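Undergrad: Structure below; questions to follow.
Protein chains: 2
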Amino acid sequence: MTFALHPRLEADTFFIADWPLCRVLLMNDARYPWLILVPRRGGITELMDLAADDRILLTDEIARAGGIVRGRPGVTKVNVGALGNLVPQLHVHVLGRYPGDPAWPGPVWGHGQAVSYETSARDALIAAVRSL
Amino acid sequence: MTFALHPRLEADTFFIADWPLCRVLLMNDARYPWLILVPRRGGITELMDLAADDRILLTDEIARAGGIVRGRPGVTKVNVGALGNLVPQLHVHVLGRYPGDPAWPGPVWGHGQAVSYETSARDALIAAVRSL
Chain H
1 MTFALHPRLE
11 ADTFFIADWP
21 LCRVLLMNDA
31 RYPWLILVPR
41 RGGITELMDL
51 AADDRILLTD
61 EIARAGGIVR
71 GRPGVTKVNV
81 GALGNLVPQL
91 HVHVLGRYPG
101 DPAWPGPVWG
111 HGQAVSYETS
121 ARDALIAAVR
131 SL
Chain G
133 MTFALHPRLE
143 ADTFFIADWP
153 LCRVLLMNDA
163 RYPWLILVPR
173 RGGITELMDL
183 AADDRILLTD
193 EIARAGGIVR
203 GRPGVTKVNV
213 GALGNLVPQL
223 HVHVLGRYPG
233 DPAWPGPVWG
243 HGQAVSYETS
253 ARDALIAAVR
263 SL
């Protein structure tokens with residue numbers, strides 16, 4: 001089965017890069033530095049359905065994304081989640097948190113309304129992630 | 133730094149087993165089949181701070197736990213999360229979800245009040261996990 005990004009992910013994010021396994025996306029929510037990793041494999045909904053080699057790649061890429069969001073200003077904690085209750089295509093959220101952020105200390109998913117990026121801030125962040 | 137379970141995890145869970153990397157715990161919330169994996173390494177708060185070999189083990193154990201919760205009655209989706217906003221010790225939630233569960237389709241963390249297990253149900257579930 002070929003890889004195609006789920007329309008909901010397509011609508012809610014901006015493309016950053018393709019890493020060895022995953023398409024790396026920026027969530028269009030300026031409240032948090034928020035990356036989404038989507039393994040470029042068709043028809044996968046659960047982590048445990050990835051091949052063992054792909055699971056290792058995914059883990060490396062989660063760690064890489066975690067290092068990037070941890071390096072953003074103010075971030076004190078990284079949150080990682082693979083839920084998929086609304087979008088079944090396997091995707092992993094990797095985002096930076098800090099005490100006092102809008103959803104702190106709760107999870108970000110389903111909390112409040114996303115705040116869209118201004119174009120210049122979005123482009124600067126995408127460029128920063130690509131440079132790492 | 134030696135491993136010691138965070139008191140909050142100790143209070144909220146039951147011991148199931150020690151796998152090669154992780155202590156495996158049952159969350160004391162009968163609303164969901166909910167395992168927590170805690171790498172038995174001291175002083176680690178983020179996935180990316182685990183050694184590369186440990187990250188591979190953790191990924192294997194997440195997949196193993198995911199297979200177990202997916203096999204529980206009614207489960208249609210597995211949620212995996214490493215948040216740590218309240219309990220900094222690295223721990224990974226692996227739990228089973230289904231449309232119509234109390235928090236569906238939102239995340240379980242911070243949603244409603246935990247429902248404690250009856251002793252017999254708890255012991256049966258722990259025994260079932262240990263047998264897999």
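First to last, the protein sequences are chains H and G. Residue 69 in the working numbering is what sits at position 69 of the first sequence, and the numbering runs on without skipping anything. If you count the second sequence from 1, you need to add 132 to reach the working numbering. From the three backbone atoms N, C-alpha and C, an ideal C-beta is built for every residue, glycine too. Predicted, not measured: the structure shown is a model, and the values here were computed from it.
Given this structure, state the Cα-to-Cα distance separating valine 212 of chain G from histidine 225 of chain G, to the nearest angstrom.
TA: Walking along the second sequence from the start, residue 212 of chain G turns up at place 80. Walking along the second sequence from the start, residue 225 of chain G turns up at place 93. Approximately 5 Å, taken between the alpha carbons.
Undergrad: Quick check on alanine 17 of chain H: does DSSP put it in helix, strand or coil?
TA: Here residue 17 of chain H refers to the residue found at position 17 of the first sequence. Of the three classes helix, strand and coil, the one that applies to alanine 17 of chain H here is strand, per DSSP.
Undergrad: Can you give me, in chain order, the residues of the segment 182-211 of chain G that have a beta carbon less than 9 Å from any beta carbon in chain H?
TA: Within the segment 182-211 of chain G, the qualifying residues are Leu182, Ala184, Arg187, Ile188, Leu190, Thr191, Asp192, Ile194, Ala195, Arg196, Ala197, Gly198, Gly199, Arg202, Lys209, Val210, Asn211.
Undergrad: On the premise that aspartate 12 of chain H lies in contact with asparagine 28 of chain H, defined as a C-beta separation below 8 Å, what is that separation, rounded to the nearest angstrom?
TA: Here residue 28 of chain H refers to the residue found at position 28 of the first sequence. Here residue 12 of chain H refers to the residue found at position 12 of the first sequence. The pair is a contact, with the Cβ atoms about 6 Å apart (cut-off 8 Å).
Undergrad: Taking only heavy atoms of the ligand ATP into account, decide whether any of them is closer than 7 Å to the Cβ of leucine 57 of chain H.
TA: This structure lacks the ligand ATP; in fact it carries no ligand of any kind.
Undergrad: Quick check on the DSSP output: the alpha helix (DSSP H) that includes alanine 65 of chain H runs from which residue to which?
TA: Start at 1 with the first residue of the first sequence, and residue 65 of chain H comes out as number 65. From DSSP, the alpha helix (DSSP H) with alanine 65 of chain H extends over 52-70.
Undergrad: In the DSSP assignment, what residue or residues form a beta bridge with asparagine 79 of chain H?
TA: Here the question's residue 79 of chain H lines up with position 79 in the first sequence. Asparagine 79 of chain H pairs with H:Leu95.
Undergrad: Report yes or no: is there a C-beta of chain G within less than 8 Å of the C-beta of glycine 81 of chain H?
TA: Reading the first sequence from its first residue, position 81 is the one you call residue 81 of chain H. Yes, contact with chain G.
Undergrad: I'd like to know if the segment 171-189 of chain G and the segment 235-249 of chain G are in contact, where contact means that at least 3 CB-CB pairs between them fall below 8 Å.
TA: No, because fewer than three Cβ pairs between the segment 171-189 of chain G and the segment 235-249 of chain G fall closer than 8 Å, the two stretches do not touch.
Undergrad: In the DSSP assignment, find the beta strand (DSSP E) that holds isoleucine 36 of chain H and state where it starts and stops.
TA: On the first sequence, position 36 is the one that residue 36 of chain H refers to. First-last of the beta strand (DSSP E) with isoleucine 36 of chain H: 34-39.
Undergrad: Identify the contact partners of arginine 229 of chain G in chain H, using a Cβ-Cβ distance below 7 Å as the criterion.
TA: Taking the second sequence and counting its residues from 1, one reaches residue 229 of chain G at position 97. Neighbours of arginine 229 of chain G on chain H, chain order: Asn85.
Undergrad: For valine 261 of chain G, collect the residues of the same chain with a Cβ closer than 8 Å to its Cβ; drop the 5 residues on either side in sequence, then sort them by chain order.
TA: Taking the second sequence and counting its residues from 1, the one referred to as residue 261 of chain G is at position 129. Excluding residues within five positions, the ones whose Cβ falls inside 8 Å are Ile148, Ala149, Val156, Leu158, Leu167, Ile200.
Undergrad: In whole angstroms, what separates the C-alpha of leucine 90 of chain H from that of serine 120 of chain H?
TA: To locate residue 90 of chain H, count along the first sequence from 1; it is residue 90. To locate residue 120 of chain H, count along the first sequence from 1; it is residue 120. So the two alpha carbons sit approximately 30 Å from each other.
Undergrad: Does DSSP classify leucine 257 of chain G as helix, strand or coil?
TA: Here the question's residue 257 of chain G lines up with position 125 in the second sequence. Helix at leucine 257 of chain G.
Undergrad: Would the beta-carbon of glycine 206 of chain G fall within 8 Å of that of lysine 77 of chain H?
TA: Within the second sequence, the letter at position 74 stands for residue 206 of chain G. Within the first sequence, the letter at position 77 stands for residue 77 of chain H. Result no, Cβ atoms of glycine 206 of chain G and lysine 77 of chain H do not sit closer than 8 Å.
Undergrad: How would you list, in chain order, the residues of chain G whose beta-carbon sits under 7 Å from the beta-carbon of proline 7 of chain H?
TA: For the purposes of this step, residue 7 of chain H is taken as residue 7 along the first sequence, with counting starting at 1. Chain G residues near proline 7 of chain H: none, gap ~17 Å exceeds 7 Å.
Undergrad: Using a Cβ-Cβ cut-off of 7 Å (strictly less than) and excluding sequence neighbours within five positions of phenylalanine 135 of chain G, which residues of its own chain qualify?
TA: Taking the second sequence and counting its residues from 1, one reaches residue 135 of chain G at position 3. Once the five neighbours on either side are set aside, the close Cβ partners of phenylalanine 135 of chain G are Arg172, Arg173, Gly174.
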